[in-house]
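See below:
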């Protein structure tokens, strides 16, 4: 292209290692905001707003954070065409490349008849207790980077392991720390 257009598309991988996430974070970070069918509030579809009853994926619905209205998968035909791409990068963080726009879209936006919210919730149920499947679901369906917290120890968890060790300690030493 004469204007130097470049198109990058990928599934995010590991947090802080994902090249596509790094590229997206250097843009204006556009998300597709859709209107609530009840109050008209514009917001982007995110997993945190998905609700269901018990372990029943057929009850999947998206909650409006403004009025609490619950939209169903079949409502996508109404609200998806009315959506708008909106930059979400905080104004205090100017893009490192202001001439580049970035777009993020998860499986929650899949049109009616393709990939439903019910199927997404069912796959979440099937994957959540299996590390590799859950990581793949997170990357491919939520379209978000995976943060591996398997080696993470909270300060509370570390403090719970604290024990008193009776030993002669040289003058001026406040703590003995041992690690393996």
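In my numbering, the protein residues as written are 10 to 189. Even glycine gets a Cβ: it sits at the ideal position worked out from N, Cα and C. These numbers were taken from a predicted model, which means no experiment stands behind them.
Assuming the contact rule is C-beta atoms closer than 8 Å, residue 54 and residue 71 should be a hit. Round their C-beta distance to whole Å, please.
Stepping through the chain shown from its first residue, residue 54 is reached at position 45. Stepping through the chain shown from its first residue, residue 71 is reached at position 62. Correct: roughly 6 Å between the Cβ atoms.
Measuring only the C-alpha atoms, how far is residue 75 from residue 33?
Locating residue 75 in the chain shown gives position 66, counting from the first residue. Locating residue 33 in the chain shown gives position 24, counting from the first residue. So the alpha carbons of these two residues sit roughly 27 Å apart.
Would you kindly report the start and end of the unbroken alpha helix (DSSP H) that includes residue 167?
Locating residue 167 in the chain shown gives position 158, where the first residue counts as 1. Per DSSP, residue 167 belongs to the alpha helix (DSSP H) from 164-169.
Cut-off 8 Å between Cβ atoms - residues of its own chain near residue 17, not counting five sequence neighbours on either side
The residue you call residue 17 lines up with position 8 of the chain shown. 29, 32.
Rank 41, 173, 82, 110 by C-alpha distance to the C-alpha of residue 125 and give the top, closest one.
Locating residue 125 in the chain shown gives position 116, where the first residue counts as 1. Residue 82 is the option with its Cα nearest to residue 125.
Assess contact between the segment 18-27 and the segment 148-156, defined as three or more Cβ pairs (one per stretch) separated by less than 8 Å. Is contact present?
yes
So, with DSSP's three-state summary, where would you put residue 67?
Position 58 of the chain shown, counted from the start, is the residue given in the question as residue 67. Residue 67: strand per DSSP, three-state reduction.
Hey, residue 91 and residue 120: beta-carbon distance below 8 Å or not?
If you number the chain shown from 1, residue 91 lands on position 82. If you number the chain shown from 1, residue 120 lands on position 111. Their beta carbons are not under 8 Å apart, which means residue 91 does not touch residue 120 by this criterion.
Can you tell me the Cβ-Cβ gap for residue 134 and residue 64, rounded? I've got them flagged as a contact below 8 Å.
Along the chain shown, read from residue 1 onward, the residue named residue 134 stands at position 125. Along the chain shown, read from residue 1 onward, the residue named residue 64 stands at position 55. That pair is a contact at about 6 Å.
3-residue-minimum beta strand (DSSP E) runs that sit fully inside the segment 38-85, ordered along the chain
39-44, 51-53, 59-62, 65-72
For residue 146 and residue 68, I'd like the C-alpha separation in whole angstroms.
The residue given as residue 146 occupies position 137 in the chain shown. The residue given as residue 68 occupies position 59 in the chain shown. If you take the alpha carbons of residue 146 and residue 68, they lie about 20 Å apart.
Rounded C-beta distance between residue 105 and residue 39? I'm assuming under 8 Å.
One-based indexing of the chain shown puts residue 105 at position 96. One-based indexing of the chain shown puts residue 39 at position 30. No, residue 105 and residue 39 are not in contact; Cβ-Cβ is about 16 Å, not under 8 Å.
Tell me whether residue 36 is buried or exposed, calling it buried when 16 or more other Cβ atoms sit within 10 Å of its Cβ.
Here residue 36 is taken as the residue at index 27 of the chain shown, counted from 1. Buried: at least 16 other Cβ atoms inside 10 Å.
Could you have a look at residue 95 and say whether DSSP puts it in helix, strand or coil?
The residue given as residue 95 occupies position 86 in the chain shown. Here residue 95 sits in strand by DSSP.
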